[in-house]
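*Asks:* Okay, handing you the structure first.
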Amino acid sequence: MKKFFAKLYIWVLLVILYAPLVFIAVFSFTESKVLGSWEGFSTTLYHNLLTGQMQGNASLLAAVKNTVLIALAAAFISTLLGTVAAIGIHNLKGRRKKAVTLLNNIPMINPDIITGVSLFLLFVFLHFSQGYLTVILAHITFCTPYVVLSVMPKLQQMNPNIYEAALDLGATPSQALRKVLVPELKPGMVSGFILAFTMSLDDFAVTFFTRGTIGLDTLSTYIYTDARKGGLTPELRPLMTLIFLIILILLVIINVRQDRINKQTVQR
Amino acid sequence: MDKIIDIRHLSKSFGDKKVLEDINLYIRRGEFITLLGPSGCGKTTLLRMIAGFLAPDEGAILMDGKDLVGIPPHERPLNTVFQRYALFPHLDVYDNIAFGLKLKKVPQDEIDKRVRKVLKLVAMSDYEDRDVETLSGGQQQRIAIARAIVNQPKVLLLDEPLAALDLKMRKDMQTELKEMHRKLGITFIYVTHDQEEALTLSDTIVVLNEGRIQQIGTPTDIYNEPVNSFVADFIGESNILNGTMVRDRRVAFIGHEFDCVDEGFGEDNPVDVVIRPEDIYFTTEAEKTQFTATVKSCTFKGVHYEMFVDTDTGNELMIQDYDAYPVGSTVRLYIEPDDIQVMRKERTDNTLPGTVKDAETIEILGGAFALKSGFEPGTEVTVQVPFDAVDLLDNLDDGVLSGEVHFILYKGDHYHLTVRTDDGDDLWVDTDDIWDKGDLVGINFKSKGIKIRRKDE
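Protein chains in written order, with the working numbering: chain A, 28 to 295; chain B, 3 to 459.
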C-alpha cells in the first residue's frame, strides 16, 4: 500500500510538471487559430513554420535567429570569462576567496528584473546606443557567474600539482593553461556553456530592458508583443515543441556523457 | 669542491609565520641529499623555492654560480617528481613522458628513443599506450619519475615521492631510486619526513625543524652524533637524559658517572646525553657493571627485543638486545664511552622579558603573573623561569596564559615539553605529568626558583 502511494505521488508530480508541455505538443498538430480547440490532425503548422509561409513570418524567424545568435555569443564569451575567473578565485586564499565567491553568487540570486533595469540605466548613463551589443553584454553579465560555478568543482577535484608539473616540464604559463588546465576543466566548461546558453535563450526581463528601440526581438520579447497584439501566432506551438525536443536530446546526450565519465572514475 | 647548488641566507614567511629562517646549504654535484624533518618544518617550502614555484623573501639560490631567484620554473634546468604524481590525466603514458620533449621541439624519432629508454629504466616498457588513470599508485610514480628524468635535468627534485605507497612497495621503490641515482649520475634532492627512508637513501641528510637547519651530515654522522635533542629524538630511537659534564671525558647522568669521549663542555656544566637503545649492554661480570636496573617490560620486535628498565636511581631507559630478560629480574648494565653522545643544552631555563605592574604582579608575554619583585612599577625586567617552575593546568581558564603542547621529549624520569602560547611564544616545561601533543593547557608560574633582574643588568 505504501509503495502504491509512493508511485502515485511520483506520477501525479510528473503529470503536473509535464502536462503543459504535452498540451502544447498535442495542439501543435492542429490548425486551430485559438489554442485549446481541436480542429483535426494536421501538420500544416509545422509545414508553415519550416517553409516560412505564415503571417508575420519574417519577424518570428528573425527573432529565432537573434535568440540563437545572442545565446551563442553570450555563452561563448561568458565561458571564456567564467573559466579564467574560476581559476583566479580558486587560487585566492581565505577571506578574499570567500568574499569573491559571494560577489559571484549575488548576481545569480538577484532578480532578473533588477539586473535588467539597472543595466538599462547604466547603458543610458554611458550613452551606449542600445541594440545587439548591449543585449549580448547584458547576457554575458548574468551568464558568467553560472560558468564560474560549474568550473569551480573541476578545479577543486584537480590535483593541484598538475599545473606546476607542466611549468616544471618547460611549459610557459600560457602553454600550461592550454595544454593541461583547459583539457582538465573541459567538462566543467562544456556544462557551463550549455547552462549559459539556456539561460540566455529564455531570458526575457534583461533582454526587454536592454534591447533599445531599434526593433530588436528575441523569441521571448517577440512572444510578449505577439500575445499583446491579440492571440499567439499558431506557428509558435510547433516551434516550442521543437525547442523542447532539442533541449531534451541535448540533456540526454549530456547525461550519457556524464555517466561514461563517472564510470571511468569508478574504474580508477 | 664541486657545488651544483649553493643556497645562501634564504628566508621565507607566510603572513607573519616564518617558515624558513636564514638557510645556508650547498649541494655537491651528483649527490643524493635528503631534506628531512617533521611536517611543517619548511622542507617542502625549500624544495618549492628551488623548483621556482615560490619566491624567497630574502637570499639567493645559486646553481652553477648563477642565481635562480627570479627565473620562472619553466626556464630552470631541473625537474620535479611530485608527491601525488601529478600526471596529466587526459594524456596516456607516452604523451605524459613526451610532454617536456615536445615543448622543447625535440625531433619525433629522438622523442621516441628517449621515451622508450626511460620506460625501460623504470621497468614500464609495455605501458606506452596505457591511460595513466588505469595504473596503480606505484606504476604512476614510476611514470612520474620517467617524465622528469627524460628531460635530462641537472638536478632532480623529489617531494615525498613514496609517501602515498604502501610499505612493501615503498621498500622496493627505495632500492630502485638508489639504483636509478647511481645509473643516471645526476643530483637528487629528496624531501621526506621518514627518517628511515632518509638514512637508507641519502649521501647527505639535512635535518630541518621549525624553519631552521638542525644538522647536516652523512646518515651515520646524524645517527651516531646528533647535535641536539631534537635530532636525537627524530632520528631513530633514543634515550635523552639530563646530565652534567664533570670534566673533559667524564659525564654524570642517571645518578652515575661515566667515561665518555667528549671534550670542551667545561666543568660542572649541564648537558643533554643521548644513548641509543642498542648501545646499552647487559653483562654478568661485576667489574664491568656500571649500574643495575629492574626490567619493567619486554616486547619482541622481530629481530630484537625492546625492554624498558628502571635503573637503581629511578630513571627509565629503553634497551634493545637480541636476548630477552624476564620482567622483574635485576640486570647489570654498562655503556661504552664511544656510545655516549654529549650535547650542549640548547637552554637551561625560560628567559623572558617582563614589565613590573605593581608590587605583586609582573606582566610577561601579555599575561599578569603574581610575582613579587621589589622593583618600581613600570620597570622593565628579565625573568628567568626554571623549566620545573612552569605549572600546566587542565583548565585553560585557571592559567594566566593558555597554550598548546607542541613537542614532547621523554628524559628518563620526566617529560620536557615545548608549550606554544596562543600568541605563538614558546615555553619549555619539565613535568612528571603525562600530556599529549596538541593538548590545550593553562599556564601559570610557581614562584620558587624564579629569578628577576632589571632588564639592562
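Backbone N, C-alpha and C define an ideal beta-carbon position, used for all residues, glycine too.
Are the CB atoms of aspartate 428 of chain B and arginine 422 of chain B nearer to each other than 8 Å?
*Replies:* As a working note, residue 428 of chain B is residue 426 in the second sequence. As a working note, residue 422 of chain B is residue 420 in the second sequence. In this structure, arginine 422 of chain B lies closer than 8 Å to aspartate 428 of chain B by Cβ.
*Asks:* State the Cα-Cα distance for the pair glutamine 184 of chain A and valine 209 of chain A, rounded to the nearest angstrom.
*Replies:* What you label residue 184 of chain A is simply residue 157 of the first sequence in a count that begins at 1. What you label residue 209 of chain A is simply residue 182 of the first sequence in a count that begins at 1. One C-alpha to the other measures close to 14 Å.
*Asks:* DSSP three-state label for aspartate 133 of chain B, please.
*Replies:* Position 131 of the second sequence holds residue 133 of chain B. Aspartate 133 of chain B: strand per DSSP, three-state reduction.
*Asks:* First and last residue of the alpha helix (DSSP H) that includes alanine 361 of chain B?
*Replies:* Start at 1 with the first residue of the second sequence, and residue 361 of chain B comes out as number 359. Careful: alanine 361 of chain B lies outside any alpha helix (DSSP H) and carries neither H nor E.
*Asks:* Taking C-beta pairs closer than 9 Å, name the residues in chain B that asparagine 118 of chain A reaches, listed in chain order.
*Replies:* Position 91 of the first sequence, counted from the start, is the residue given in the question as residue 118 of chain A. Within 9 Å Cβ-Cβ: nothing; asparagine 118 of chain A doesn't reach chain B, min ~12 Å.
*Asks:* What residues from the region 148-162 of chain A come within 8 Å of chain B, judged by C-beta to C-beta, listed N to C?
*Replies:* So the list is empty, because no residue satisfies the distance condition.
*Asks:* Beta-carbon of asparagine 446 of chain B versus every beta-carbon of chain A: anything under 8 Å?
*Replies:* Your numbering for residue 446 of chain B matches position 444 in the second sequence. Output row for asparagine 446 of chain B: interface = no.
*Asks:* Measuring CB atoms only, is the region 25-40 of chain B touching the region 204-221 of chain B, in the sense that at least three cross pairs come out at less than 8 Å?
*Replies:* Taking 8 Å as the limit for Cβ pairs, the verdict is that the region 204-221 of chain B does touch the region 25-40 of chain B.
*Asks:* Which residue comes first and which comes last in the beta strand (DSSP E) that contains asparagine 446 of chain B?
*Replies:* Sequence index remark: in the second sequence, residue 446 of chain B carries index 444 (1-based). 442-447 is the extent of the beta strand (DSSP E) around asparagine 446 of chain B.
*Asks:* DSSP on arginine 455 of chain B, reduced to helix/strand/coil?
*Replies:* Within the second sequence, the letter at position 453 stands for residue 455 of chain B. Strand, per DSSP.
*Asks:* With a threshold of 8 Å between beta carbons, is histidine 92 of chain B in contact with chain A?
*Replies:* Here residue 92 of chain B refers to the residue found at position 90 of the second sequence. Judged by the 8 Å Cβ criterion, histidine 92 of chain B is in contact with chain A.
*Asks:* In chain order, which continuous runs of the alpha helix (DSSP H) of length 4 or greater are located wholly inside the region 200-252 of chain B?
*Replies:* Whole alpha helix (DSSP H) segments, 4+ residues: 221-226, 231-236.
*Asks:* Would a check of beta-carbon distances place glutamate 198 of chain A closer than 8 Å to chain B?
*Replies:* Mapped onto the first sequence, residue 198 of chain A falls at position 171. Reading the sequence as shown, one finds alanine at residue 198 of chain A and not glutamate. Yes - at least one Cβ of chain B is within 8 Å of the one on alanine 198 of chain A.
*Asks:* Kindly list, in the order they appear in chain A, the residues whose Cβ is closer than 9 Å to that of histidine 76 of chain B.
*Replies:* Locating residue 76 of chain B in the second sequence gives position 74, counting from the first residue. In chain order: Ala193, Leu194, Asp195, Leu196, Gly197, Ala198, Thr199, Pro200, Gln202, Ala203.
*Asks:* Straight-line CA distance for isoleucine 242 of chain B to proline 339 of chain B?
*Replies:* Your numbering for residue 242 of chain B matches position 240 in the second sequence. Your numbering for residue 339 of chain B matches position 337 in the second sequence. So the two alpha carbons sit approximately 16 Å from each other.
*Asks:* With a CB to CB cut of under 7 Å and the five nearest residues on each side skipped, what residues in its chain are close to asparagine 446 of chain B?
*Replies:* Here residue 446 of chain B refers to the residue found at position 444 when the second sequence is read from its first residue. Around asparagine 446 of chain B: Asp393, Leu395, Gly401, Val402.
*Asks:* Which of the three DSSP states is assigned to tyrosine 307 of chain B in this structure?
*Replies:* Start at 1 with the first residue of the second sequence, and residue 307 of chain B comes out as number 305. Three-state DSSP puts tyrosine 307 of chain B in a strand.
*Asks:* On the CB-based measure, 16 or more other CB atoms within 10 Å of its CB, does aspartate 438 of chain B come out buried or exposed?
*Replies:* Here residue 438 of chain B corresponds to residue number 436 of the second sequence, with the count starting at 1. It is exposed - the Cβ of aspartate 438 of chain B has fewer than 16 other Cβ atoms within 10 Å.
*Asks:* State yes or no: is the beta carbon of serine 422 of chain B nearer than 8 Å to at least one beta carbon in chain A?
*Replies:* Taking the second sequence and counting its residues from 1, the one referred to as residue 422 of chain B is at position 420. Before going further, note that residue 422 of chain B is arginine rather than serine in the sequence given. So, not an interface residue.
*Asks:* For arginine 295 of chain A, I'd like the list of residues in its chain whose CB is within less than 8 Å of its CB, leaving aside the five on either flank, ordered along the chain.
*Replies:* Position 268 of the first sequence holds residue 295 of chain A. In this predicted model, arginine 295 of chain A has a pLDDT of only 45, less than 50, meaning its place in the structure is not dependable; the value taken from the coordinates is given anyway. The answer is none, since no qualifying residue turns up.
*Asks:* Output the boundary residues of the alpha helix (DSSP H) element that contains cysteine 262 of chain B.
*Replies:* To locate residue 262 of chain B, count along the second sequence from 1; it is residue 260. From DSSP, cysteine 262 of chain B is part of no alpha helix (DSSP H); its letter is neither H nor E.
*Asks:* Give the DSSP-derived three-state secondary structure of valine 95 of chain B in the structure shown.
*Replies:* Position 93 of the second sequence, counted from the start, is the residue given in the question as residue 95 of chain B. Correct three-state label for valine 95 of chain B: helix.
*Asks:* Under the assumption that phenylalanine 169 of chain A contacts proline 134 of chain A (Cβ atoms under 8 Å), give the Cβ distance between them as a whole number of angstroms.
*Replies:* Start at 1 with the first residue of the first sequence, and residue 169 of chain A comes out as number 142. Start at 1 with the first residue of the first sequence, and residue 134 of chain A comes out as number 107. About 6 Å; that satisfies the 8 Å criterion.
*Asks:* Leaving out five residues before and five after arginine 287 of chain A in sequence, what residues of the same chain have Cβ atoms less than 6 Å from its Cβ?
*Replies:* Sequence index remark: in the first sequence, residue 287 of chain A carries index 260 (1-based). Excluding residues within five positions, none has a Cβ falling inside 6 Å.
*Asks:* Where are the alpha helix (DSSP H) runs, 4 residues long or more, that stay fully inside the region 260-340 of chain B, in chain order?
*Replies:* Within the region 260-340 of chain B, no complete alpha helix (DSSP H) run reaches 4 residues.
*Asks:* Would you give the residue range spanned by the beta strand (DSSP E) that histidine 11 of chain B belongs to?
*Replies:* Numbered from 1 along the second sequence, position 9 holds the residue referred to as residue 11 of chain B. 5-16 is the extent of the beta strand (DSSP E) around histidine 11 of chain B.
*Asks:* Between the region 370-381 of chain B and the region 258-271 of chain B, do three or more beta carbon pairs fall short of 8 Å?
*Replies:* Too few Cβ pairs lie closer than 8 Å, so no.
*Asks:* I want to verify the contact list: residues of chain B whose CB lies under 7 Å from the CB of valine 207 of chain A, in sequence order.
*Replies:* Counting from one through the first sequence, the residue named residue 207 of chain A turns up at place 180. Here the neighbours are Phe90.
*Asks:* How is valine 402 of chain B classed by DSSP in three states: helix, strand or coil?
*Replies:* Your numbering for residue 402 of chain B matches position 400 in the second sequence. Three-state result, valine 402 of chain B: coil.
*Asks:* If you measure from the beta carbon of proline 214 of chain A to each beta carbon in chain B, is any gap under 8 Å?
*Replies:* Taking the first sequence and counting its residues from 1, the one referred to as residue 214 of chain A is at position 187. Not closer than 8 Å to any Cβ of chain B, the Cβ of proline 214 of chain A fails to qualify, so no.
*Asks:* Quick one: is aspartate 168 of chain B near chain A, going by C-beta distance under 8 Å?
*Replies:* By 1-based counting over the second sequence, the position of residue 168 of chain B is 166. No - not a single Cβ of chain A is within 8 Å of the one on aspartate 168 of chain B.
*Asks:* Would you mind working out which of B:Leu12, B:Ile25, B:Phe16, B:Arg30 sits nearest valine 5 of chain B, comparing C-alpha positions?
*Replies:* The residue labelled residue 5 of chain B in the question sits at position 3 within the second sequence. According to the sequence provided, residue 5 of chain B is lysine. The question's valine does not apply to it. Of the candidates B:Leu12, B:Ile25, B:Phe16, B:Arg30, the one whose C-alpha sits nearest the C-alpha of lysine 5 of chain B is B:Arg30.
*Asks:* Can at least three beta-carbon pairs, one atom from the region 188-198 of chain B and one from the region 113-128 of chain B, be found at a separation below 8 Å?
*Replies:* Verdict: no, contact absent.
*Asks:* What residue does the alpha helix (DSSP H) around threonine 315 of chain A start on, and which one ends it?
*Replies:* As shown, chain A starts at 28 and ends at 295. That puts residue 315 of chain A outside it, with no answer to give.
*Asks:* Could you check how far apart the C-beta atoms of threonine 332 of chain B and aspartate 312 of chain B are, in whole angstroms? I think they sit under 8 Å.
*Replies:* Indexing the second sequence from 1 puts residue 332 of chain B at position 330. Indexing the second sequence from 1 puts residue 312 of chain B at position 310. About 10 Å separates the two Cβ atoms, so there is no contact after all.
*Asks:* So which residues of chain B does asparagine 186 of chain A contact, with C-beta pairs closer than 9 Å?
*Replies:* Position 159 of the first sequence, counting from 1, holds the residue named residue 186 of chain A. Simply Phe84, Arg86, Tyr87, Ala88, Leu89, Pro91.
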